[in-house]
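The structure appears below as structure tokens.
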Amino acid sequence: TQLLEQSPQFLSIQEGENLTVYCNSSSVFSSLQWYRQEPGEGPVLLVTVVTGGEVKKLKRLTFQFGDARKDSSLHITAAQPGDTGLYLCAGVEDSNYQLIWGAGTKLIIKP
Amino acid sequence: EAGVAQSPRYKIIEKRQSVAFWCNPISGHATLYWYQQILGQGPKLLIQFQNNGVVDDSQLPKDRFSAERLKGVDSTLKIQPAKLEDSAVYLCASSLGQGHYEQYFGPGTRLTVT
Numbered sequence: 037t038q039l040l041e042q043s044p045q046f047l048s049i050q051e052g053e054n055l056t057v058y059c060n061s062s063s064v065f066s067s068l069q070w071y072r073q074e075p076g077e078g079p080v081l082l083v084t085v086v087t088g089g090e091v092k093k094l095k096r097l098t099f100q101f102g103d104a105r106k107d108s109s110l111h112i113t114a115a116q117p118g119d120t121g122l123y124l125c126a127g128v129e130d131s132n133y134q135l136i137w138g139a140g141t142k143l144i145i146k147p
Numbered sequence: 256e257a258g259v260a261q262s263p264r265y266k267i268i269e270k271r272q273s274v275a276f277w278c279n280p281i282s283g284h285a286t287l288y289w290y291q292q293i294l295g296q297g298p299k300l301l302i303q304f305q306n307n308g309v310v311d312d313s314q315l316p317k318d319r320f321s322a323e324r325l326k327g328v329d330s331t332l333k334i335q336p337a338k339l340e341d342s343a344v345y346l347c348a349s350s351l352g353q354g355h356y357e358q359y360f361g362p363g364t365r366l367t368v369t
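As they're listed, the protein sequences go chains A and B. Residues in the first sequence are numbered consecutively from 37, following the numbering used here. Residues in the second sequence are numbered consecutively from 256, following the numbering used here.
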């Protein structure tokens, strides 16, 4: 079974700081999605990356897909309390198109 | 466009009782998923439907869990009998269909088994 490892599991920082969270695997994905989940709600899709090396920006969030399509990162610039949530990555396996979920990074931004 | 609807939002039952959850996906979405999410963890796929057929139920504990999507639209997930370890949030999601992997989630049902 394919695994997607997310790191760190938990991150608590002050408002205004920058941060990066990671999503890693040993196998190749045809695409990878990032979701944010707030307490009491379902995950909300932020972005899908498809091409190796692709970079997508969503306001202060920058998403990158690794060249080999095995890993991805999410960088947040000048974090704000509204960025607080559980960040989940999910990859579509190249071999069988099954969607594999990471366990998530719980992010807390303190005012 | 209406999102994925789920009910109830919260449910508290005693162990060995039964419970059912309902999901109405986004109109036109052929694929429907049920996930179990333990607090602070990622979602675990229980069952995936393509229209009214089951695509993947490999992680569904079939001795106690069942799900149906008879008309290919809304779906129900049932647990009978419930165990303490079934306490979790049950998420329903939908996507357009084959080849479309971006999922849209409902708010979930928080189940507490006492």
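All residues carry an ideal CB built from backbone N, CA and C; glycine is no exception. Treat the numbers as computed from the prediction; the structure is a model and nothing was measured.
Relative to the alpha-carbon of residue i, which residue among the options has its alpha-carbon at the smallest distance?
{"i": "A:GLY89", "options": "A:ARG105, A:LEU97 and A:GLY78", "result": "A:ARG105"}
{"i": "A:ILE49", "options": "A:GLY78, A:TYR133, A:GLU129 and A:GLY118", "result": "A:GLY118"}
{"i": "A:ALA114", "options": "A:LEU40, A:PRO44, A:PHE46 and A:GLU51", "result": "A:GLU51"}
{"i": "B:ASN279", "options": "B:ASP318, B:GLN291, B:ASP329 and B:GLU357", "result": "B:ASP329"}
{"i": "A:VAL86", "options": "A:TYR71, A:ASP103, A:GLN73 and A:GLY76", "result": "A:ASP103"}
{"i": "B:GLN358", "options": "B:ILE267, B:ALA275, B:PRO316 and B:TYR290", "result": "B:TYR290"}
{"i": "B:GLN305", "options": "B:PHE276, B:LYS299 and B:GLY327", "result": "B:GLY327"}
{"i": "A:VAL83", "options": "A:ASN132, A:HIS111 and A:GLY76", "result": "A:HIS111"}
Could you tell me the boundaries of the beta strand (DSSP E) in which residue i lies?
{"i": "A:GLN50", "result": "46-50"}
{"i": "B:GLY308", "result": "308-311"}
{"i": "A:ASN60", "result": "55-60"}
{"i": "A:SER131", "result": "First-last for A:SER131: undefined, no H or E at that position."}
{"i": "A:ASP107", "result": "107-112"}
{"i": "B:LYS270", "result": "Careful: B:LYS270 lies outside any beta strand (DSSP E) and carries neither H nor E."}
Based on the DSSP secondary-structure assignment, which residues constitute the bridge partners of residue i?
{"i": "A:GLY121", "result": "A:LEU143"}
{"i": "B:TYR265", "result": "B:ARG365"}
{"i": "B:LEU301", "result": "None; B:LEU301 has no bridge partner."}
{"i": "A:GLY127", "result": "A:LEU68 and A:ILE136"}
{"i": "B:ILE293", "result": "Paired residues: none, contrary to the question."}
{"i": "B:ILE281", "result": "Answer is none; B:ILE281 lacks a bridge partner."}
In whole angstroms, what separates the C-alpha of residue i from that of residue j?
{"i": "A:LYS92", "j": "A:SER43", "result": "20 Å"}
{"i": "B:LEU332", "j": "B:GLN272", "result": "14 Å"}
{"i": "B:ASP318", "j": "B:ILE334", "result": "9 Å"}
{"i": "A:SER67", "j": "B:GLU323", "result": "29 Å"}
{"i": "B:ALA343", "j": "B:LEU366", "result": "5 Å"}
{"i": "A:PRO147", "j": "A:LEU81", "result": "25 Å"}
Under 8 Å by Cβ, that's how I've got residue i and residue j pegged, so tell me the actual separation to the nearest angstrom.
{"i": "B:THR364", "j": "B:GLN292", "result": "Their Cβ separation, rounded to whole angstroms, is 10 Å, which puts B:THR364 and B:GLN292 out of contact at 8 Å."}
{"i": "A:GLY127", "j": "A:PHE65", "result": "4 Å"}
{"i": "A:ARG59", "j": "A:GLY138", "result": "Sequence inspection shows Cys at residue 59 of chain A; the Arg mentioned does not correspond to that position. About 6 Å; that satisfies the 8 Å criterion."}
{"i": "B:GLY361", "j": "B:GLY258", "result": "7 Å"}
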